[in-house]
Amino acid sequence: MTTDPRLNSKLREAFGSSPFILTKFDSFMDWVRGSSLFLLQFGIACCSIEMMHTFAVKHDLDRFGAGVPRASPRQADLIIVPGTIVSKFAPRMRRVYDQMPEPKFVVGMGSCTISGGPFHKGYNVVKGVEEILPVDIHVPGCPPRPEALVYGIVKLQERIINGQRSPVTVDPYELEKFGDLDTHELIEQLADQIAENDLVMRYNWSDSP
Amino acid sequence: MSSTPASSQKNIVGISKNGTLDYTKLEKLLGPLVLQKEDHVNAPAFVIRPDSVEEALTLLRDEAGFDHLSCVTAQEYEDRFESIYHLRKYDSPQHELGIVVPSPKNNPWNQSACSVFRTADWHEREAYDLVGINYEGHPDLRRILLPDTWQGHPLSLDYDQNKPQLITLQEHENPLRDTDEENTMFINIGPHHPATHGVLHLKTVLDGEHVVSVDPDIGYLHRCEEQMAQGLNYRYQIMPYPDRWDYASAGLLNEWAYARAAEDLVNIEVPEYAEIIRTMGAELCRICAHFLAVGTFALDIYGDFTAIFMYAMRDREIVQSILEDLTGQRMMFNYFRLGGVVWDLPEPRDEFLSKIQKFLDKIPAGIQEYSELMTTNEIFQLRCVGTGILPPDVARQYGVTGPVARGSGIDYDLRRDDPYGYYENLDWNVVTNDGCDIYSRFLVRLGEVEQSAKIIGQCISLLESWPEEDRIIQANVPRTIKPPADAEIYRAVEAAKGELGIYIRSDGTQQPARFKIRSPCFSNLSTLSEMATGGLVPDLIAALGSLDIVLGEVDR
Chain X
8 MTTDPRLNSK LREAFGSSPF ILTKFDSFMD WVRGSSLFLL QFGIACCSIE
58 MMHTFAVKHD LDRFGAGVPR ASPRQADLII VPGTIVSKFA PRMRRVYDQM
108 PEPKFVVGMG SCTISGGPFH KGYNVVKGVE EILPVDIHVP GCPPRPEALV
158 YGIVKLQERI INGQRSPVTV DPYELEKFGD LDTHELIEQL ADQIAENDLV
208 MRYNWSDSP
Chain D
88 MSSTPASSQK NIVGISKNGT LDYTKLEKLL GPLVLQKEDH VNAPAFVIRP
138 DSVEEALTLL RDEAGFDHLS CVTAQEYEDR FESIYHLRKY DSPQHELGIV
188 VPSPKNNPWN QSACSVFRTA DWHEREAYDL VGINYEGHPD LRRILLPDTW
238 QGHPLSLDYD QNKPQLITLQ EHENPLRDTD EENTMFINIG PHHPATHGVL
288 HLKTVLDGEH VVSVDPDIGY LHRCEEQMAQ GLNYRYQIMP YPDRWDYASA
338 GLLNEWAYAR AAEDLVNIEV PEYAEIIRTM GAELCRICAH FLAVGTFALD
388 IYGDFTAIFM YAMRDREIVQ SILEDLTGQR MMFNYFRLGG VVWDLPEPRD
438 EFLSKIQKFL DKIPAGIQEY SELMTTNEIF QLRCVGTGIL PPDVARQYGV
488 TGPVARGSGI DYDLRRDDPY GYYENLDWNV VTNDGCDIYS RFLVRLGEVE
538 QSAKIIGQCI SLLESWPEED RIIQANVPRT IKPPADAEIY RAVEAAKGEL
588 GIYIRSDGTQ QPARFKIRSP CFSNLSTLSE MATGGLVPDL IAALGSLDIV
638 LGEVDR
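For the protein sequence lines, the chains are X and D, in the order given. Residue numbers for the first sequence follow our numbering, beginning at 8 and rising by one. Residue numbers for the second sequence follow our numbering, beginning at 88 and rising by one.
This is how it looks when you write it as structure tokens:
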């Protein structure tokens, strides 16, 4: 039986006569994950404008198999955190992250997600996204150019494909039930405003980096 | 509640024969209400008692034609608290007046101005939130930028930044209200939502598909811009921050707001050549910002990354590349300096100027293309014509400025009415539209792109023929700038979204003692409930898109 010449691709030649590829299922899944990242359409601040440029014409992130922005966190594998995180937003962002299915990846975009950036001294600014989420890749810049973001995401894809996974975690601020917190002057003051079962995030600013 | 436009009144008190403001007549109008007269750098101000705010502002609005409350600044001194109401007129914005309301240190309060100007609602909530002044008679005095559980008022003098804070996240509340009186559903739009242009949270109550009420909850991007500026020196350190207020590539427009206020505060004359470069750069930024507005608006209306969004991004790339050649950065330019700009046009000049000219040549066809793609689209028409209505008198009450005001037929543009830069010497028009709906705001933005292109074209020909020996890019400005103690100024420019004003109070050091930003988006956003209540949910989204807010500027 003759084979359809269209099937005689370069790839097939490389594999030789066997139509089968032997690989570990884990490596195969890593390759799949890395090659088709769905990202969350998620904007915070200035960096989100450059992020939009990265998605759009000219830079076209989709060339690298990572350019389909999803509006729902439940369909996304990758969250790019594009901007300054302030105290009011951090619990919401943590919730968005929690809604993403595993395995999930985080790219911190810009100086604000590294340390608070130019707003580091602000009374309301969380000093870097690592205080809230584990981060895989940091892209520095204020804001990073689209090329830099593309580089960061391609680096992340490389790491996913090679099975290297080591998101950096610091001791993060967690969402806790108000009733579970240790007694403190502040907690007593707020006791009549917040229900026992409400989730809260407690910022100890003096411990921030 | 409604205010009458000043132009329709016959006798406006306080105007002298040559058309300028006569402050003695104004003082006479207020009579015993005036305790004292202060001199601010921009305009005189009257000091009044905390319990006569309503009376004084009503008199000034109805008799003297001050129909625009641009800003409310609150601040704490060593011995007192103070609220300043910055008034001006929509018809003649150069007529300015400050109303200063001091209040005691142990019990800071003054009467609310909400019943006179609706815009005071949000401005006073911000003042309460950040400085801690109580506004008596305010309908809804709660925090606006910081979470409800925040402890302390961060811009008051005794605030301790290191004390811990607790922020709540409520969940699993039943959104349905099914009682005899109401049968509604509560829905959160945002803070993470594709149509909110960033991190805005709309607390919406729906009855079926109709909006019963909508309460914008802001502060998810409150980056303490005012605190930042108060800790930095005038000469070099503040300038990078304005780029990050309205970050839709409108950086130079914002820098100009700070530059104008600080230059007027210490009397710096900007060389003509630098003014032309500033004007050109600022208008390029305006084009860039309006393209983003149009592109994301199409994203809101059609709900997908369609051609218009991609075209807008393509054209923005061209402008950003021009601005990068000029300033060295794509978005955060830091190009202005007090007294001029940091460097001259890039060499070779001809190449740079012809790059801009090439872009300008494409604009008319580009506008035509946008216009055909959008205005001839039936879906677009259905969603934009006659929806999100904002009548001019309501807009004035809310202190609305910029393309949103001009889309409601309010002919107010500080570039023409309170001239700065090189605009006076150039030939251009203010674009207005009487439609008062979403569609007219969109048309105003497209029209403004054309006008900006016209301005840039004239700047280019001026720059081309400018003699080489006269290319002075900076005035002679001392290394350290220390304005006289207690000098106060409020100055505004026409940014991409409207009147962007800066209030600075100096204490004689190199850093401002109070730095207040009057953001146009903040006032514009406060009209959302007026536009959306009673309409359909999709119209709410379209109305929000037509306001073209940038959360960095709303929350600062």
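For every residue, glycine included, the Cβ atom is placed at its ideal position computed from N, Cα and C.
- Rounded to the nearest whole angstrom, the CA to CA distance from His-145 (chain X) to Thr-120 (chain X) is 8 Å.
- The shortest CA-to-CA distance from Thr-614 (chain D) to any of D:Phe-204, D:Glu-125, D:Glu-141, D:Tyr-110 is the one to D:Phe-204.
- Nearest C-alpha to Thr-519 (chain D) among D:Leu-379, D:Asp-498, D:Glu-411: D:Asp-498.
- In the three-state reduction of the DSSP assignment, Gln-416 (chain D) falls in the coil class.
- Look at Ser-34 (chain X) here: in three-state DSSP terms it is helix.
- When the beta-carbon positions are compared, Pro-98 (chain X) and Gly-50 (chain X) stay at least 8 Å from each other.
- Rounded to whole angstroms, the gap between the alpha carbons of Leu-469 (chain D) and Met-107 (chain X) is 36 Å.
- The continuous beta strand (DSSP E) containing Glu-183 (chain X) extends over residues 182-184.
- Proximity to Met-59 (chain X) across X:Met-116, X:Val-103, X:Pro-110 peaks at X:Met-116, based on C-alpha coordinates.
- Using a CB distance cut-off of 8 Å, His-60 (chain X) counts as an interface residue toward chain D.
- For Ser-55 (chain X), a Cβ of chain D is located within less than 8 Å of the residue's own Cβ.
- Interface residue (Cβ-Cβ distance to chain D less than 8 Å): Ser-34 (chain X) is not classified as such.
- At a cut-off of 8 Å between beta carbons, Phe-126 (chain X) contacts chain D.
- Within the region 61-89 of chain X, those residues whose Cβ lies closer than 9 Å to any Cβ of chain D are, in chain order, Phe-62, Ala-63, Val-64, Lys-65, His-66, Pro-76, Ala-78, Pro-80.
- Interface flag for Met-208 (chain X) against chain D is set, since a Cβ pair is found closer than 8 Å.
- By DSSP's assignment, Asp-302 (chain D) forms a beta bridge with D:Lys-290.
- Comparing alpha-carbon positions, the option among X:Pro-110, X:Cys-149, X:Tyr-130, X:Lys-162 lying closest to Pro-141 (chain X) turns out to be X:Pro-110.
- For Lys-95 (chain X), the nearest beta carbon of chain D is closer than 8 Å to its own beta carbon.
- Residue contact check for Met-400 (chain D) against chain X: a CB pair falls below 8 Å.
- Distance from Ile-363 (chain D) to Leu-549 (chain D) at the Cβ level is roughly 5 Å; contact confirmed, criterion being Cβ atoms closer than 8 Å.
- Rounded to the nearest whole angstrom, the CA to CA distance from Trp-332 (chain D) to Gln-416 (chain D) is 16 Å.
- With fewer than 16 other beta carbons inside 10 angstroms of its own, Gly-224 (chain D) counts as exposed.
- The C-beta of Phe-32 (chain X) has fewer than 16 other C-beta atoms within 10 Å across all chains shown, which makes the residue exposed.
- Taking Glu-312 (chain D) as the centre and dropping the five residues before and after it, the same chain places the C-beta of Tyr-328, Arg-331, Trp-332, Ile-604, Arg-643 closer than 8 Å to its C-beta, in chain order.
- In this structure, the straight-line span from the alpha carbon of Ser-157 (chain D) to that of Pro-125 (chain X) is close to 28 Å.
- For Leu-308 (chain D), the nearest CB of chain X lies under 8 Å from its own CB, placing it at the interface with that chain.
- Listed in chain order, the non-local C-beta contacts of Ser-495 (chain D) below 6 Å within the same chain comprise Leu-477, Pro-479, Ala-482, Cys-523, local neighbours out to five positions each way being set aside.
- Residue D:Arg-365 holds the alpha-carbon nearest to the alpha-carbon of Val-428 (chain D) among D:Phe-384, D:Arg-365, D:Asp-412, D:Ser-458.
- Contact of Gly-318 (chain D) with chain X by beta-carbon distance below 9 Å involves Lys-128.
- Chain D places a beta carbon closer than 8 Å to that of Asp-205 (chain X), counting this residue as a contact.
- Exclusion of the five residues before and after Val-286 (chain D) leaves Pro-278, Tyr-307, Leu-308, Leu-638 as the residues of its chain whose Cβ lies within less than 6 Å of its Cβ.
- Shown here, Ile-547 (chain D) sits in a helix according to DSSP, grouped into three states.
- In chain order, Ser-539, Ala-583 place their CB closer than 6 Å to the CB of Arg-373 (chain D), counting only its own chain and leaving out the 5 sequence neighbours on each side.
- In this structure, Ala-161 (chain D) keeps its C-beta atom at 8 Å or more from the C-beta atom of Gly-101 (chain D).
- Within chain X, the residues Gly-50, Ile-51, Ala-52, Ser-55, Gly-90 have their CB atoms less than 9 Å from the CB of Gly-285 (chain D), given in chain order.
- Counting C-beta pairs with one atom in each stretch, the region 341-351 of chain D and the region 158-165 of chain X have fewer than three that are closer than 8 Å, which means they do not touch.
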